[in-house]
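In the working numbering, the protein residues as written are 932 to 1076. We put the beta carbon where it would ideally sit given N, CA and C, even for glycine. Keep in mind it's a predicted model, so treat the numbers as computed, not measured. Inspection log for the structure reproduced underneath, given as C-alpha coordinates.
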(Lines of atoms letter the chains of each structure in order from A and count residues from 1; the text may use other names and numbers.)
(Lines give C-alpha, C1' and ligand atoms only; values in the text may rest on other atoms or scores of the structure.)
Protein backbone atom coordinates (compact mmCIF):
# COMPACT_ATOMS: atom_id res chain seq x y z
CA UNK A 1 0.00 0.00 0.00
CA UNK A 2 1.39 3.40 -0.95
CA UNK A 3 1.47 6.49 1.22
CA UNK A 4 -1.17 8.20 -0.93
CA UNK A 5 -3.54 5.27 -0.37
CA UNK A 6 -2.85 5.26 3.39
CA UNK A 7 -3.65 8.95 3.57
CA UNK A 8 -6.67 9.05 1.28
CA UNK A 9 -9.82 10.70 2.63
CA UNK A 10 -11.52 7.35 3.22
CA UNK A 11 -8.63 5.90 5.25
CA UNK A 12 -8.21 9.18 7.17
CA UNK A 13 -11.88 8.98 8.14
CA UNK A 14 -11.35 5.40 9.37
CA UNK A 15 -8.35 6.57 11.41
CA UNK A 16 -10.42 9.38 12.90
CA UNK A 17 -13.24 7.05 13.96
CA UNK A 18 -10.72 4.55 15.32
CA UNK A 19 -8.96 7.23 17.39
CA UNK A 20 -12.23 8.61 18.77
CA UNK A 21 -13.61 5.18 19.74
CA UNK A 22 -10.46 3.81 21.38
CA UNK A 23 -10.75 5.59 24.80
CA UNK A 24 -14.48 4.86 25.02
CA UNK A 25 -13.91 1.17 24.35
CA UNK A 26 -11.19 1.08 27.00
CA UNK A 27 -13.48 2.68 29.57
CA UNK A 28 -16.41 0.41 28.66
CA UNK A 29 -14.24 -2.66 29.10
CA UNK A 30 -13.10 -1.22 32.43
CA UNK A 31 -16.71 -1.01 33.56
CA UNK A 32 -17.23 -4.73 32.86
CA UNK A 33 -14.48 -5.85 35.22
CA UNK A 34 -14.27 -5.32 38.94
CA UNK A 35 -10.64 -5.74 39.86
CA UNK A 36 -9.48 -5.68 43.45
CA UNK A 37 -6.50 -3.52 42.59
CA UNK A 38 -7.52 -0.72 40.19
CA UNK A 39 -3.91 0.35 39.62
CA UNK A 40 -3.00 -3.02 38.07
CA UNK A 41 -6.06 -2.85 35.83
CA UNK A 42 -5.24 0.74 34.86
CA UNK A 43 -1.76 -0.19 33.70
CA UNK A 44 -2.96 -3.28 31.83
CA UNK A 45 -5.66 -1.21 30.10
CA UNK A 46 -3.09 1.45 29.20
CA UNK A 47 -0.83 -1.23 27.75
CA UNK A 48 -3.62 -2.54 25.52
CA UNK A 49 -4.66 0.97 24.52
CA UNK A 50 -1.06 1.78 23.63
CA UNK A 51 -0.77 -1.34 21.50
CA UNK A 52 -4.00 -0.63 19.67
CA UNK A 53 -3.04 3.03 19.18
CA UNK A 54 0.16 2.09 17.34
CA UNK A 55 -1.71 0.34 14.49
CA UNK A 56 -2.14 3.37 12.17
CA UNK A 57 1.47 4.43 12.73
CA UNK A 58 2.81 0.93 12.14
CA UNK A 59 1.01 0.78 8.79
CA UNK A 60 2.59 4.07 7.73
CA UNK A 61 6.02 2.95 8.90
CA UNK A 62 5.65 -0.28 6.94
CA UNK A 63 4.72 1.68 3.80
CA UNK A 64 7.72 3.99 4.32
CA UNK A 65 10.05 1.02 4.63
CA UNK A 66 8.78 -0.56 1.42
CA UNK A 67 9.03 2.47 -0.84
CA UNK A 68 10.46 5.97 -0.52
CA UNK A 69 8.16 8.95 -0.54
CA UNK A 70 7.27 10.04 -4.06
CA UNK A 71 7.39 13.84 -4.00
CA UNK A 72 6.07 14.02 -7.56
CA UNK A 73 2.86 12.30 -6.43
CA UNK A 74 2.36 14.88 -3.67
CA UNK A 75 3.70 12.77 -0.81
CA UNK A 76 5.79 14.43 1.89
CA UNK A 77 6.79 13.75 5.45
CA UNK A 78 5.22 17.03 6.60
CA UNK A 79 1.90 15.99 5.09
CA UNK A 80 2.10 12.60 6.82
CA UNK A 81 2.88 14.17 10.21
CA UNK A 82 0.18 16.82 9.79
CA UNK A 83 -2.44 14.18 8.91
CA UNK A 84 -1.38 12.05 11.89
CA UNK A 85 -1.72 15.09 14.12
CA UNK A 86 -5.13 16.16 12.81
CA UNK A 87 -6.76 12.76 12.27
CA UNK A 88 -5.24 10.63 15.04
CA UNK A 89 -3.53 12.53 17.88
CA UNK A 90 -5.88 15.48 18.42
CA UNK A 91 -9.06 13.34 18.14
CA UNK A 92 -7.83 10.78 20.68
CA UNK A 93 -6.88 13.55 23.13
CA UNK A 94 -10.28 15.24 22.80
CA UNK A 95 -12.06 11.89 22.97
CA UNK A 96 -10.16 10.96 26.12
CA UNK A 97 -11.16 14.18 27.86
CA UNK A 98 -14.77 13.78 26.74
CA UNK A 99 -14.72 10.14 27.82
CA UNK A 100 -13.45 11.08 31.27
CA UNK A 101 -16.15 13.74 31.65
CA UNK A 102 -18.91 11.32 30.60
CA UNK A 103 -17.77 8.58 32.96
CA UNK A 104 -17.31 11.11 35.76
CA UNK A 105 -20.96 12.07 35.34
CA UNK A 106 -22.02 8.40 35.33
CA UNK A 107 -19.77 7.35 38.24
CA UNK A 108 -19.00 10.45 40.36
CA UNK A 109 -17.50 8.43 43.23
CA UNK A 110 -14.58 7.03 41.19
CA UNK A 111 -11.19 7.72 42.81
CA UNK A 112 -8.81 7.61 39.88
CA UNK A 113 -10.88 9.40 37.24
CA UNK A 114 -8.36 12.06 36.17
CA UNK A 115 -5.52 9.55 36.09
CA UNK A 116 -7.01 7.88 33.01
CA UNK A 117 -6.87 11.10 30.98
CA UNK A 118 -3.38 12.00 32.12
CA UNK A 119 -2.01 8.54 31.36
CA UNK A 120 -3.72 8.19 27.99
CA UNK A 121 -2.63 11.62 26.81
CA UNK A 122 0.97 11.10 27.90
CA UNK A 123 1.10 7.61 26.36
CA UNK A 124 -0.35 8.64 23.00
CA UNK A 125 1.90 11.71 22.76
CA UNK A 126 4.98 9.58 23.48
CA UNK A 127 3.93 6.93 20.96
CA UNK A 128 3.19 9.55 18.32
CA UNK A 129 6.50 11.35 18.82
CA UNK A 130 8.45 8.11 18.70
CA UNK A 131 6.76 7.06 15.45
CA UNK A 132 7.39 10.49 13.93
CA UNK A 133 11.06 10.02 14.79
CA UNK A 134 10.96 6.58 13.18
CA UNK A 135 9.35 8.09 10.08
CA UNK A 136 12.24 10.56 9.89
CA UNK A 137 14.83 7.80 10.36
CA UNK A 138 13.30 5.64 7.65
CA UNK A 139 13.06 8.67 5.37
CA UNK A 140 16.80 9.26 5.77
CA UNK A 141 17.46 5.59 5.14
CA UNK A 142 15.48 5.52 1.91
CA UNK A 143 17.15 8.71 0.66
CA UNK A 144 20.62 7.20 0.97
CA UNK A 145 19.76 3.92 -0.74
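Is the Cβ-Cβ distance between residue i and residue j less than 8 Å?
| i | j | result |
| --- | --- | --- |
| residue 1048 | residue 955 | no |
| residue 1058 | residue 1011 | no |
| residue 961 | residue 1019 | no |
| residue 945 | residue 1008 | no |
| residue 953 | residue 984 | yes |
| residue 1055 | residue 1021 | no |
Which residue comes first and which comes last in the alpha helix (DSSP H) that contains residue i?
| i | result |
| --- | --- |
| residue 981 | 969 to 984 |
| residue 942 | 940 to 963 |
| residue 1020 | Where residue 1020 is concerned, there is no enclosing alpha helix (DSSP H), given that its DSSP letter is neither H nor E. |
| residue 1014 | 1008 to 1015 |
| residue 1001 | Run containing residue 1001: none; DSSP gives neither H nor E here. |
Report yes or no: do the stretch 990 to 1001 and the stretch 971 to 980 share at least 3 C-beta pairs separated by less than 8 Å? no
Assess contact between the stretch 1050 to 1068 and the stretch 1033 to 1040, defined as three or more Cβ pairs (one per stretch) separated by less than 8 Å. Is contact present? no
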